[in-house]
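Undergrad:
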Amino acid sequence: LSTTSLGDAMGLAQHHDAVSGTAKQHTTNDYAKRLSSGSSKAEIVVNLALSCLTSSNKQCASPSTNFTQCNLLNISYCPPTEDESFGESLVLVLYNPLGWARTDFIRIPVNDDQLSVRDSGGNFIESQLVELDNATSNLRKFYVEAYLGISSKEKPKYWLVFQVSVPPLGWNTYFISKGAGADGTGTGSKSHMSTTATPE
Amino acid sequence: NGTIEVGPGPFKMSFSSVSGQLIRVFSSKTGTDIPIQQSYLWYGSSTGDAADAQASGAYIFRPNGAPPTAVSRSVPLKIIRGPLVDEVHQQFSSWIYQITRLYKDKDHAEIEFTIGPIPTDDGVGKEVITRLTANMATNKIFYTDSNGRDFLKRVRDYREDWNLQVTQPVAGNYYPINLGMYLEDGKSELSVLVDRAVGGSSIQDGELEIMLHRRLLADDSRGVGEALDETVCVKDACQGLTTRGIYYLSVNPSGNGAQWRRTAGQEIYSPLLLAFSHQTEEVWKAS
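Here it is as structure tokens:
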């Protein structure tokens, strides 16, 4: 467990041909492969670090929480959030690498329109469902197969959007769970379905 | 009145319901209101000519001298509204899709572009730009970052420290953009921040353009020995690359944009890290 291979790949990618994009294709492929491999290994380290950081057991000998990240979120591929059987609740931990408090908007792909979001204090927060567009689904289908070699299962139907706040160089937790409708049904839910208009 | 206003917060955009084009951007928070048009165009890449055999390639940006071709004059709109975010979806062509997002508490618009695969079956390499055209008297001046740090003043067709002979009116005015660029006319600032390294320029006063994707058919003979024409394949079917990224647009009173450019720039470069775990709230809190 280390970030060394990512460091090595970053080091190689400082070559002027890598920086400017003037390497031959097979060399570019090699840069990409090394960065991808290094990034995957670093992700394991970060997940473990987050698990230690968020655990009350500061010894952190055997972290109880398994985290996963979604590196293809830009094309709506995120297995932990798409799975309709994500159980009673999905825990989202956010880490802020900057030295000031931030509020931002999170978008995650989901299949279910009966979801609600709560903050770490258990309070429902406002969320919005946006239907996934065709351009993203087509991109997802093609690139998931090209990059991961797997046929993408049924696409997610929505983006779930909500606002988060995270302290400086710190973390916060949000809970996404089933049982409240996007029409606002469900006790305390603040979930909204977007409206769509296509002007002629 | 033929316009559609979007944005759930103080930062808003107006689009024409006739052409689908962006008309203006305004912020009620800062009182800035700028008429702006936005479009996608492509420069045809030079493969060399009688005067100079230099082709456009991985190292060299050399358009063929013709004005850039507009991808479309009008574009269908789809508007999605909600309490947190409004979105405007626009299909500029079969290979250019754009989503403009305006969030409730943000001082900017987030513009997500999806470009590709760039068609080259007409035998022309293409270098695709997005262009923002504002009615601002900028007197040949624009500002670009220096490796993500201070914004430096650039003057079109001019270098302070030598006598510039302009042989490439477009490429000769392109600068590397790692963080962003902006225009200023003494009254307002129009700023753009990027999520990746691109090229950018202001070829005409009041206009700002950034290059988002390139697909070329000739080698520029500078050493790489290949045309910039990468493909990606699924089974035996290969196609040119598609790029997806985001640029951020803000308007501010003159002299007030630096605060946004510096803080938003940091937040783009260092986004929040998301990690998911399947657990119940009770188990999570217990541990």
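Going down the list, the protein sequences come from chains A and B. Take 1 as the starting number for the first sequence in my numbering and just add one per residue. Take 1001 as the starting number for the second sequence in my numbering and just add one per residue. Quick reminder that beta carbons are idealized off the backbone N, C-alpha and C, glycines included. Bear in mind that the values here come from a model prediction, so they are computed numbers and not experimental data.
So, is the C-beta of A:Glu82 closer than 8 Å to a C-beta in chain B?
TA: Sequence index remark: in the first sequence, residue 82 of chain A carries index 82 (1-based). With 8 Å as the cut-off, A:Glu82 does not count as an interface residue toward chain B.
Undergrad: Tell me the residue span of the alpha helix (DSSP H) that contains A:Tyr31.
TA: If you number the first sequence from 1, residue 31 of chain A lands on position 31. Looking at the DSSP string, the run of the alpha helix (DSSP H) that includes A:Tyr31 is Gln25 to Thr54.
Undergrad: Please state the DSSP three-state secondary structure of A:Phe67.
TA: Counting from 1 along the first sequence, the entry for residue 67 of chain A is found at position 67. Note: A:Phe67 maps to coil in three-state DSSP.
Undergrad: Taking 7 Å as the cut-off, does the CB of B:Tyr1175 come closer than this to any heavy atom belonging to the ligand ZN?
TA: Among the components modelled here there is no ligand, and therefore nothing to report on the ligand ZN.
Undergrad: For the region 129-154 of chain A, which residues have a CB atom closer than 7 Å to at least one CB atom of chain B, in sequence order?
TA: Here the close residues are Val130, Asp133, Ala135, Leu139, Phe142, Glu145 and Ala146.
Undergrad: What are the uninterrupted segments assigned as alpha helix (DSSP H) that are 4 or more residues long and contained completely in the region 1021-1092 of chain B, given in chain order?
TA: Listed in chain order, there is nothing to give.
Undergrad: Say whether chain B places a C-beta atom closer than 8 Å to the C-beta of A:Gln114.
TA: As a working note, residue 114 of chain A is residue 114 in the first sequence. Judged by the 8 Å Cβ criterion, A:Gln114 is not in contact with chain B.
Undergrad: What's the call for B:Tyr1248, buried or exposed, on a 16-neighbour Cβ count within 10 Å?
TA: In the second sequence, residue 1248 of chain B corresponds to position 248, counting from 1. So B:Tyr1248 counts as buried.
Undergrad: Does the Cβ of B:Val1018 have 16 or more other Cβ atoms within 10 Å, making it buried, or fewer, making it exposed?
TA: As a working note, residue 1018 of chain B is residue 18 in the second sequence. Exposed is the call here.
Undergrad: Hey, which unbroken runs of the alpha helix (DSSP H) at 4 residues or more fall wholly within the region 1247-1276 of chain B?
TA: Whole alpha helix (DSSP H) segments, 4+ residues: 1257-1269.
Undergrad: In angstroms with no decimal places, state the Cα-to-Cα distance between A:Ser127 and B:Ser1072.
TA: The count along the first sequence starts at 1 and reaches residue 127 of chain A at position 127. The count along the second sequence starts at 1 and reaches residue 1072 of chain B at position 72. Those two C-alpha atoms are separated by around 35 Å.
Undergrad: Does DSSP classify A:Thr136 as helix, strand or coil?
TA: Residue mapping note: residue 136 of chain A aligns to position 136 of the first sequence, counting from 1. In the structure shown, A:Thr136 sits in a helix (DSSP, three-state: H, G or I).
Undergrad: Grab the span of the beta strand (DSSP E) containing B:Lys1153 for me, first residue to last.
TA: For the purposes of this step, residue 1153 of chain B is taken as the residue at position 153 of the second sequence. Element bounds for B:Lys1153: Phe1151 to Val1155.
Undergrad: Under 8 Å: do the region 1159-1173 of chain B and the region 1225-1232 of chain B share three or more Cβ pairs, one atom per stretch?
TA: Output reads no: the region 1225-1232 of chain B does not touch the region 1159-1173 of chain B.
Undergrad: Leaving out five residues on either side along the sequence, give the residues of the same chain with a beta carbon under 8 Å from the beta carbon of B:Ala1070.
TA: Indexing the second sequence from 1 puts residue 1070 of chain B at position 70. These residues qualify, in order along the chain: Ser1039, Tyr1040 and Leu1041.
Undergrad: Using a Cβ cut-off of 9 Å, pull out every chain B residue sitting near A:Pro97, in sequence order please.
TA: Indexing the first sequence from 1 puts residue 97 of chain A at position 97. Near A:Pro97 (Cβ distances below 9 Å), the residues of chain B are Ser1270, Pro1271, Leu1272 and Leu1273.
Undergrad: Could you check if B:His1108 is buried or exposed, using at least 16 other CB atoms within 10 Å of its CB as the buried criterion?
TA: Translated into the one-based positions of the second sequence, residue 1108 of chain B becomes position 108. B:His1108 comes out buried.
Undergrad: Quick one: does B:Gly1225 have its CB under 8 Å from some CB of chain A?
TA: In the second sequence, residue 1225 of chain B corresponds to position 225, counting from 1. Chain A contact via Cβ: present.
Undergrad: Count the other CB atoms, across all protein chains shown, that sit within 10 Å of the CB of A:Val19; report buried if there are 16 or more and exposed otherwise.
TA: Numbered from its first residue, the first sequence carries residue 19 of chain A at position 19. A:Val19 is exposed by the Cβ-count criterion.
Undergrad: Please go through the region 88-166 of chain A and give each complete alpha helix (DSSP H) segment of 4 or more residues, from N-terminal end onward.
TA: As far as the region 88-166 of chain A is concerned, its whole alpha helix (DSSP H) runs of at least 4 residues are 134-148.
Undergrad: Span of the beta strand (DSSP E) holding B:Lys1126?
TA: Here residue 1126 of chain B is taken as the residue at index 126 of the second sequence, counted from 1. Unbroken beta strand (DSSP E) run through B:Lys1126: Lys1126 to Ala1134.
Undergrad: Just the chain B side, please: which residues come within less than 8 Å of A:Gly21 by C-beta, in chain order?
TA: Numbered from its first residue, the first sequence carries residue 21 of chain A at position 21. Correct list: Ala1058 and Leu1228.
Undergrad: From the DSSP output, in three-state form, read off B:Thr1231 for me.
TA: Here residue 1231 of chain B is taken as the residue at index 231 of the second sequence, counted from 1. Strand.
Undergrad: Is the beta carbon of B:Ile1060 less than 8 Å from the beta carbon of B:Asp1220?
TA: Along the second sequence, one-based indexing puts residue 1060 of chain B at 60. Along the second sequence, one-based indexing puts residue 1220 of chain B at 220. Going by C-beta atoms, B:Ile1060 is nearer than 8 Å to B:Asp1220.
Undergrad: Please determine, among A:Ser165, A:Leu129, A:Val166 and A:Ser137, the residue with the shortest C-alpha to C-alpha distance to A:Thr196.
TA: Here residue 196 of chain A refers to the residue found at position 196 when the first sequence is read from its first residue. For the residues A:Ser165, A:Leu129, A:Val166 and A:Ser137, the minimum Cα distance to A:Thr196 belongs to A:Leu129.
Undergrad: Under 9 Å Cβ-Cβ, which residues of chain B neighbour A:His192?
TA: Taking the first residue of the first sequence as position 1, residue 192 of chain A is located at position 192. Correct list: Gly1082, Pro1083 and Leu1084.
Undergrad: Based on the DSSP output, what are the partners of B:Thr1114 in its beta bridges?
TA: Your numbering for residue 1114 of chain B matches position 114 in the second sequence. B:Thr1114 pairs with B:Tyr1097 and B:Arg1244.
Undergrad: Any contact between the region 1121-1130 of chain B and the region 1027-1035 of chain B? By contact I mean 3 or more CB pairs, one from each, below 8 Å.
TA: The region 1121-1130 of chain B vs the region 1027-1035 of chain B: no contact.
Undergrad: Report the CB separation of A:Pro168 from A:Gly99 in whole angstroms; it is logged as a contact under 8 Å.
TA: As a working note, residue 168 of chain A is residue 168 in the first sequence. As a working note, residue 99 of chain A is residue 99 in the first sequence. That pair is a contact at about 5 Å.
Undergrad: Is there at least one Cβ from chain A nearer than 8 Å to B:Ser1146's Cβ?
TA: Here residue 1146 of chain B corresponds to residue number 146 of the second sequence, with the count starting at 1. Not an interface residue.
Undergrad: Since I believe B:Arg1062 is in contact with B:Gln1168 (beta carbons under 8 Å), could you give me their beta-carbon distance rounded to a whole number of angstroms?
TA: Your numbering for residue 1168 of chain B matches position 168 in the second sequence. Your numbering for residue 1062 of chain B matches position 62 in the second sequence. Rounded, the Cβ-Cβ distance is 7 Å, consistent with contact.
Undergrad: Helix, strand or coil for A:His15, going by three-state DSSP, please let me know.
TA: For the purposes of this step, residue 15 of chain A is taken as the residue at position 15 of the first sequence. Of the three classes helix, strand and coil, the one that applies to A:His15 here is coil, per DSSP.
Undergrad: For A:Pro168, does the three-state DSSP call read helix, strand or coil?
TA: Taking the first sequence and counting its residues from 1, the one referred to as residue 168 of chain A is at position 168. DSSP places A:Pro168 in coil when its eight states are reduced to three.
Undergrad: Measure the C-alpha to C-alpha separation of A:Leu12 and A:Arg140 and round it to an integer number of angstroms.
TA: Position 12 of the first sequence, counted from the first residue, corresponds to residue 12 of chain A. Position 140 of the first sequence, counted from the first residue, corresponds to residue 140 of chain A. So the alpha carbons of these two residues sit roughly 29 Å apart.
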